[in-house]
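Colleague: Dumping the structure here so I can ask a few things about it.
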Amino acid sequence: MWNKIYFNKQNIKKETDTAILISMPSKSNYANYSFWHPAKLVREEGGKGYFLSFSFTDGWTFKLKTKTRELNVNQDVIIKAFGLVHEEISSGVKKDK
Numbered sequence: 125m126w127n128k129i130y131f132n133k134q135n136i137k138k139e140t141d142t143a144i145l146i147s148m149p150s151k152s153n154y155a156n157y158s159f160w161h162p163a164k165l166v167r168e169e170g171g172k173g174y175f176l177s178f179s180f181t182d183g184w185t186f187k188l189k190t191k192t193r194e195l196n197v198n199q200d201v202i203i204k205a206f207g208l209v210h211e212e213i214s215s216g217v218k219k220d221k
């Protein structure tokens, strides 16, 4: 099953043709971490380009990194970390449509 998380454009640290570097929310337990996600799974959702989403399947493993540390986490950690941001933006996306 596919999952979708909404996030702010300001969480993008870097973009390449194939991947996007997304920083974790500052109000999460993983505030200084970021992860690469395939560009084809990141979409603009509204808010004049400010609201984005990234999609992933059940069982997806995210590799969170800082300059000195690396962690592998499952989708539950990501869903919880982006929870508040996801709720705020998803209501804004629904208003845009």
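At position 49 of the sequence shown the residue is numbered 173 (my numbering), and the sequence of numbers has no breaks. By construction, the Cβ of each residue, glycine as well, lies at the ideal position given by its N, Cα and C atoms. Being a predicted model, the structure only gives us computed values, none of them experimental.
1) Under the rule that 16 or more other beta-carbon atoms within 10 Å means buried, what is Pro149, buried or exposed?
2) Looking at C-alpha atoms only, which residue of Val209, Ala163, Leu195, Ser152 is the closest neighbour of Ile144?
3) Less than 7 Å separating the beta-carbons of Asn196 and Lys187?
4) With 16 other CB atoms within 10 Å as the buried threshold, where does Ala205 fall?
5) Let's see if you can read the secondary structure: which residues bound the beta strand (DSSP E) around Ala143?
6) What's the gap between the Cα of Lys138 and the Cα of Val201?
7) Among Thr142, Gly171, Asp182, Arg167, which has the Cα closest to the Cα of Asn127?
8) Report the CB separation of Val209 from Tyr130 in whole angstroms; it is logged as a contact under 8 Å.
9) Report yes if the CB atom of Leu165 is closer than 7 Å to the CB atom of Ser179, and no otherwise.
Modeller: In brief:
1) buried
2) Ala163
3) yes
4) buried
5) 143–147
6) 22 Å
7) Asp182
8) 7 Å
9) yes
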